[in-house]
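Visitor: Mapping of the sequence shown onto UniProt numbering: position 16 corresponds to residue 16, and the numbering continues sequentially without gaps.
Mind having a look at this structure? Questions to follow.
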Amino acid sequence: MNHIEKNNNKFKVAYPSADYHLVIMHFNEGYDNTHIKLRHDNVLSCFPIDKNRLLVVINSRILDNFIKEYQAICKMGISNSINHLKDVRQSYYDASYSLEFRLYSNEKIFYYKELAKWLQKDIPTSHYYKEMLINAYKEGSIYFSKALDKIKLQVMDYAPYYFKKLLKDVVKNIITNEVDIDQLYVESDSLDMFVFKIKSTVFSNPSSTEKVDYQPSISRILRYLDEHIAENITLETVAKYTDMNTSYISFLFKKETGINFIDYLQNLRVTKAKELLRKTDYKIYKIAYQVGFNDDKYFYKLFKKHEGMTPLQYRKKFH
Numbered sequence: 001m002n003h004i005e006k007n008n009n010k011f012k013v014a015y016p017s018a019d020y021h022l023v024i025m026h027f028n029e030g031y032d033n034t035h036i037k038l039r040h041d042n043v044l045s046c047f048p049i050d051k052n053r054l055l056v057v058i059n060s061r062i063l064d065n066f067i068k069e070y071q072a073i074c075k076m077g078i079s080n081s082i083n084h085l086k087d088v089r090q091s092y093y094d095a096s097y098s099l100e101f102r103l104y105s106n107e108k109i110f111y112y113k114e115l116a117k118w119l120q121k122d123i124p125t126s127h128y129y130k131e132m133l134i135n136a137y138k139e140g141s142i143y144f145s146k147a148l149d150k151i152k153l154q155v156m157d158y159a160p161y162y163f164k165k166l167l168k169d170v171v172k173n174i175i176t177n178e179v180d181i182d183q184l185y186v187e188s189d190s191l192d193m194f195v196f197k198i199k200s201t202v203f204s205n206p207s208s209t210e211k212v213d214y215q216p217s218i219s220r221i222l223r224y225l226d227e228h229i230a231e232n233i234t235l236e237t238v239a240k241y242t243d244m245n246t247s248y249i250s251f252l253f254k255k256e257t258g259i260n261f262i263d264y265l266q267n268l269r270v271t272k273a274k275e276l277l278r279k280t281d282y283k284i285y286k287i288a289y290q291v292g293f294n295d296d297k298y299f300y301k302l303f304k305k306h307e308g309m310t311p312l313q314y315r316k317k318f319h
């Protein structure tokens, strides 16, 4: 396998004369050497971009077989074919652009040649949406949340980078701390999850003066989850606590927070665990129990899915 490296955002690749594709593979649970073994002779290079994405340079003639072999465990953004070294940089951006559509669709494979047409669309001015979000933020968290949900639906007709750029501009004007919108996008496995992460980032940020203001019944549920995080919480236990139907709770929870109940609970457990890992020297299995995991192996797996590293690796960053 030939060599590929990234220096100052420039990719250097050495390969013989032929037609090639650049493929960026995205793993929701994070890339791991045990997930994939690149056995093809015509896979010339592979390079880990971050904890979720792997870049592969592949001979065009085996592209179809490569896709069939690995599409079950990841999503792929695929550039047009190239045969010159000078095209590698642009092809990388084309593959990245294509992969961004994974939150817009249930498809697994995204070809640049099919998605490039989105670049030809007239992009609406972001000033209107930007003003809408900033003004909604000033009115309060519930207004910001509804405005963001509304805009999300309206910008679905445009390429994903437009939505991300808009949010970068808005967040920069709302909070002083730097927020990596691109990384939040990479770490999300659905558009709803991405929007939820934006809301959580804005209203939980130390430099933000607002907190999320949900409907009273949902606020009550969120307080219950926070106060009983160490317990075995299910929709049924919450339904009994609130005297509400489980189906209605699921519907209302998703409507208000933009994320389903289980995903929210898992995110809350991991967030609480991260705080304990930073601030205490408790054994990791004890932290798992304190945030509601009876199986510490499952805790390790879920933590790594969310953070791209093990609990121990996370702790070492702060100690």
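Where is the CB? At the ideal position from N, CA and C, for every residue including glycine.
Tell me, please, which residues DSSP counts as bridged to residue 25.
Guide: Its beta-bridge partners are 54, 76.
Visitor: Let me know the secondary structure DSSP gives residue 293 once reduced to three states.
Guide: Collapsing the DSSP output to three states places residue 293 in coil.
Visitor: Would DSSP call residue 59 helix, strand or coil?
Guide: strand
Visitor: Identify whether residue 180 lies in helix, strand or coil by the three-state DSSP scheme.
Guide: Coil, per DSSP.
Visitor: Which value, in whole angstroms, describes the spacing of the CA atoms of residue 268 and residue 220?
Guide: 15 Å
Visitor: What number of angstroms, rounded off, separates the C-alpha of residue 273 from the C-alpha of residue 118?
Guide: If you draw a straight line from the Cα of residue 273 to the Cα of residue 118, it comes to about 41 Å.
Visitor: If you count every other CB in all the chains shown that lies within 10 Å of the CB of residue 320, and 16 or more means buried, which is it?
Guide: Within the shown structure, residues of the chain are numbered from 1 to 319, placing residue 320 beyond reach of any answer.
Visitor: Who are residue 109's beta bridge partners in DSSP?
Guide: 76
Visitor: Between which two residues does the beta strand (DSSP E) holding residue 47 run?
Guide: 43-48
Visitor: Mapping the DSSP letters down to three states, classify residue 218 as helix, strand or coil.
Guide: In the three-state reduction of the DSSP assignment, residue 218 falls in the helix class.
Visitor: Output yes or no for whether 8 Å exceeds the beta carbon distance between residue 65 and residue 19.
Guide: Not in contact: residue 65 and residue 19 (Cβ atoms no closer than 8 Å).
Visitor: What whole-angstrom Cβ distance do residue 155 and residue 163 have, given they're in contact under 8 Å?
Guide: 5 Å
Visitor: Can you round the beta-carbon distance between residue 186 and residue 53 to whole angstroms, since I take them to be within the 8 Å contact cut?
Guide: 7 Å
Visitor: By the three-class DSSP mapping on this structure, what secondary structure does residue 262 have?
Guide: It is helical.
Visitor: Go ahead and pull the three-state DSSP assignment for residue 158.
Guide: coil
Visitor: What's the call for residue 34, buried or exposed, on a 16-neighbour Cβ count within 10 Å?
Guide: Because residue 34 carries a pLDDT of 48, less than 50, the predicted location of this residue cannot be relied on, and the following value inherits that uncertainty. Its Cβ having fewer than 16 others within 10 Å, residue 34 is exposed.
Visitor: Only counting the same chain, and skipping five residues up and downstream in sequence, which positions put a Cβ closer than 7 Å to that of residue 71?
Guide: Closer than 7 Å at Cβ, skipping near neighbours: 108, 109.
Visitor: The alpha helix (DSSP H) with residue 241 in it runs from where to where?
Guide: 235-242
Visitor: Short of 8 Å in beta carbon distance, which residues of its chain neighbour residue 310, apart from the five on each side in sequence? Order them along the chain.
Guide: 300, 303, 304
Visitor: Just checking my contact of residue 130 with residue 166 at CB under 8 Å: how many whole Å lie between their CB atoms?
Guide: Residue 130 to residue 166, Cβ: 6 Å. Contact.
Visitor: Where does residue 97 land, buried or exposed, given buried means 16+ other C-beta within 10 angstroms?
Guide: buried
Visitor: With distances taken from CA atoms, which of 79, 263, 147 is nearest residue 115?
Guide: 79
Visitor: Would you check if the distance between the CB atom of residue 169 and the CB atom of residue 141 is smaller than 8 Å?
Guide: no
Visitor: Secondary structure at residue 93, three-state DSSP: helix, strand or coil?
Guide: In this structure, residue 93 counts as helix in the three-state DSSP scheme.
Visitor: Between 214, 102, 296, which lies nearest to residue 256 when the distance is taken from Cα to Cα?
Guide: 214
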